[in-house]
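S.K.: Sharing a structure here in structure tokens format.
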Amino acid sequence: MTARLIDGKARAAALRAEVAAGVAQFVATYGRAPGLTVVLVGDDPASAVYVGSKGKATREAGMISGEHRLPADTSEADLLALIARLNADPAVDGILVQMPLPAHIDSDRVIAAIDPAKDVDGLHPINTGLLVSGRDGLVPCTPSGCMLLIREAVGPVAGAEALVIGRSILVGKPMAALLTNASATVTVAHSRTRDLAAHVARADILVAAVGIPNMVQGDWIKPGACVIDVGINRVATEGGKGRLVGDVDFDSAAARAGWITPVPGGVGPMTIACLLANTLKAATARAAT
Ligand code: NAP
Numbered sequence: 047m048t049a050r051l052i053d054g055k056a057r058a059a060a061l062r063a064e065v066a067a068g069v070a071q072f073v074a075t076y077g078r079a080p081g082l083t084v085v086l087v088g089d090d091p092a093s094a095v096y097v098g099s100k101g102k103a104t105r106e107a108g109m110i111s112g113e114h115r116l117p118a119d120t121s122e123a124d125l126l127a128l129i130a131r132l133n134a135d136p137a138v139d140g141i142l143v144q145m146p147l148p149a150h151i152d153s154d155r156v157i158a159a160i161d162p163a164k165d166v167d168g169l170h171p172i173n174t175g176l177l178v179s180g181r182d183g184l185v186p187c188t189p190s191g192c193m194l195l196i197r198e199a200v201g202p203v204a205g206a207e208a209l210v211i212g213r214s215i216l217v218g219k220p221m222a223a224l225l226t227n228a229s230a231t232v233t234v235a236h237s238r239t240r241d242l243a244a245h246v247a248r249a250d251i252l253v254a255a256v257g258i259p260n261m262v263q264g265d266w267i268k269p270g271a272c273v274i275d276v277g278i279n280r281v282a283t284e285g286g287k288g289r290l291v292g293d294v295d296f297d298s299a300a301a302r303a304g305w306i307t308p309v310p311g312g313v314g315p316m317t318i319a320c321l322l323a324n325t326l327k328a329a330t331a332r333a334a335t
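Residues 47 to 335 in this note's numbering are what the sequence shown lists, from first letter to last.
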């Protein structure tokens, strides 16, 4: 391995400590702690685990964690009514609706119903628009975390060739916007892209957010590149337990890249840390108005 490992766990721990210090200052100034409320509809086990760990991290940062676990047959109207109550609740600074929602609920309508000032997932069209315009707003947590890791590894990215593989509203598109705002020259690849390997070969910065295990091969990568692997894929192992791998074939990529994130322990821990940072930011902005 020639690449330096980007330690997302350590970077996330540092960010969480920064947020906890900011929360203590917020409490001293405003006499209350910031509040993050998570809404889960249905009983998807993976989502339940995510919601549990978000609640724990919120409390550890000194913030107030609220949770609403609703049955899978909750109507869209009832969910929208809950969001309206949370929007109006002065103790709630951040609202996160855990995705995916059951098929009978229109997730776009739900996201649009969240007060943009409390939209700590950064998915409301107002926040998406602010990001694309290069203005301050709430930025989706996973790409925000990737950007912190990239900056720490390579410093300023102005002029660098960046390739983002994936164009989801959650990761790929906001990642491309962040890199563009930081003056990288950005290409976005997706399932219809021709000759992905040729695009990868030009990238000084590569962000893979696809969901296909080990798709990006090490010999595609530009020597010295910074590789950020967002993918979280469970693959079968002989013992039957399975293990997590990214979208990048780690061993072959680490032999050519300059920096690389591991899976797990790379981007994953940054996502929750950035959610906490967004909640503190939302609380501070609301308290100041
Ligand atoms: P998504 O909504 O399924 O988007 C996947 C993207 O990959 C799409 O834009 C798709 O293209 C593109 N794609 C599919 N096959 C491709 C191919 N053969 N070549 C190039 N592009 C291809 O997924 P997502 O929500 O962005 O998540 C992506 C991965 O990141 C998943 O593994 C997810 O588990 C992981 N993730 C991790 C975190 C974290 O905290 N670490 C957070 C969020 C997501 P089209 O648009 O053309 O379909």
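Using N, Cα and C, we set each Cβ at its ideal position, and we do this for glycine too.
(1) Given a cut-off of 8 Å on the beta-carbon distance, is the pair Leu184 and Leu142 in contact?
(2) Does the segment 76-93 come into contact with the segment 123-140, if we say contact requires no fewer than three beta-carbon pairs (one atom in each stretch) closer than 8 Å?
(3) His245: beta carbon under 7 Å from a heavy atom of the ligand NAP?
(4) So which residues put a beta carbon under 7 Å from any heavy atom of the ligand NAP, going in chain order?
(5) Taking Pro269 as the reference, give the member of Asp275, Ile306 and Arg213 with the closest Cα.
(6) Distance check for Ala271 and Ala343, CA to CA, integer angstroms please.
(7) Hey, quick one: how far does the beta strand (DSSP E) through Thr48 stretch, first residue to last?
(8) Determine, using beta-carbon pairs with one atom in the segment 169-182 and one in the segment 283-301, whether at least three such pairs fall under 8 Å.
(9) With DSSP as the reference, please indicate the residues paired to Ser111 in a beta bridge.
(10) How long is the line joining the alpha carbons of Pro202 and Ala319, rounded to whole angstroms?
(11) Determine the burial state of Gln71: buried for a count of at least 16 other Cβ atoms within 10 Å of its Cβ, exposed for fewer.
(12) Among the candidates Val97, Asn133 and Asn279, whose CA atom is the shortest distance from the CA of Arg289?
(13) First and last residue of the alpha helix (DSSP H) that includes Ala328?
(14) Between Gly205 and chain D, is the shortest Cβ-Cβ distance under 8 Å, so that the two count as touching?
(15) Return the CA-CA distance between Ala228 and Thr317, expressed in angstroms with no decimal places.
(16) List the endpoints of the continuous beta strand (DSSP E) containing Ile129.
(17) Does the beta-carbon of Val95 have 16 or more other beta-carbons within 10 angstroms, so that it is buried, or is it exposed?
(18) Would you kindly report the start and end of the unbroken alpha helix (DSSP H) that includes Leu2?
(19) Inspect the CB distances between the segment 120-127 and the segment 90-104 and report whether three or more fall short of 8 Å.
(20) If you drop the 5 nearest sequence neighbours on each side, which residues of the same chain put their C-beta closer than 6 Å to that of Ile211?
(21) So what's Asn173 in DSSP terms, helix, strand or just coil?
(22) Have a look at Leu321 and Asp119 and give me their C-alpha separation to the nearest angstrom.
(23) For Ala329, which residues of its own chain have a beta-carbon under 7 Å away from its beta-carbon, when the five flanking residues on both sides are left out?
(24) Where does the unbroken alpha helix (DSSP H) through Leu194 begin, and where does it stop?
(25) Going by other Cβ atoms of all chains shown within 10 Å of its Cβ, with 16 needed for buried, is Thr188 buried or exposed?
(26) Tell me which same chain residues have a C-beta within less than 6 Å of the C-beta of Leu116, skipping the five on either side of it?
M.R.: Here's the rundown:
(1) Not closer than 8 Å, so no.
(2) Counting Cβ pairs under 8 Å, three or more are found: they touch.
(3) In this structure, the ligand NAP has no non-hydrogen atom nearer than 7 Å to the beta-carbon of His245.
(4) Listed along the chain, these residues meet the criterion: Thr188, Ile211, Gly212, Arg213, Ser214, Leu216, Val217, Gly218, Ala235, His236, Ser237, Arg238, Thr239, Leu242, Ala255, Val256, Gly257, Ile258, Met261, Val276, Gly277, Ile278, Asn279, Asp293, Val313, Gly314 and Thr317.
(5) Considering only alpha carbons, the answer is Ile306.
(6) Here the chain comprises residues numbered 47 to 335, so residue 343 is not present and cannot be evaluated.
(7) Counted as a single uninterrupted DSSP element, the stretch harbouring Thr48 is not any beta strand (DSSP E), since DSSP gives it neither H nor E.
(8) The segment 169-182, when compared against the segment 283-301, does not touch it at the 8 Å Cβ threshold.
(9) Bridge partners of Ser111: Leu82.
(10) Computed Cα separation, rounded: 22 Å.
(11) Classification of Gln71: exposed, given that the 10 Å Cβ count is below 16.
(12) Ranking the options by Cα distance to Arg289, first place goes to Asn279.
(13) Under the DSSP assignment, Ala328 falls in the alpha helix (DSSP H) whose first and last residues are Val313 to Ala333.
(14) In the displayed structure, chain D is absent; only one protein chain is listed.
(15) In this structure, the CA atom of Ala228 is about 20 Å from the CA atom of Thr317.
(16) Taken as a continuous stretch (DSSP letters only), Ile129 belongs to no beta strand (DSSP E), being part of the alpha helix (DSSP H) at Glu122 to Ala134.
(17) Taking all protein chains in view, the Cβ of Val95 is surrounded by fewer than 16 other Cβ atoms within 10 Å, so the residue is classified as exposed.
(18) Since the first and last residues shown for the chain are 47 and 335, residue 2 lies out of range.
(19) Fewer than three pairs of CB atoms, one per stretch, sit closer than 8 Å, so the segment 120-127 makes no contact with the segment 90-104.
(20) Counting only Cβ-Cβ distances below 6 Å, and skipping sequence neighbours, we find Ala235, Ala254 and Val256.
(21) Asn173: helix per DSSP, three-state reduction.
(22) Leu321 and Asp119 have their alpha carbons spaced roughly 28 Å apart.
(23) So the qualifying residues of the chain are Phe72, Pro80 and Asp139.
(24) Residues Cys187 to Val200.
(25) Burial call: buried.
(26) The answer, listed in chain order, is Val87.
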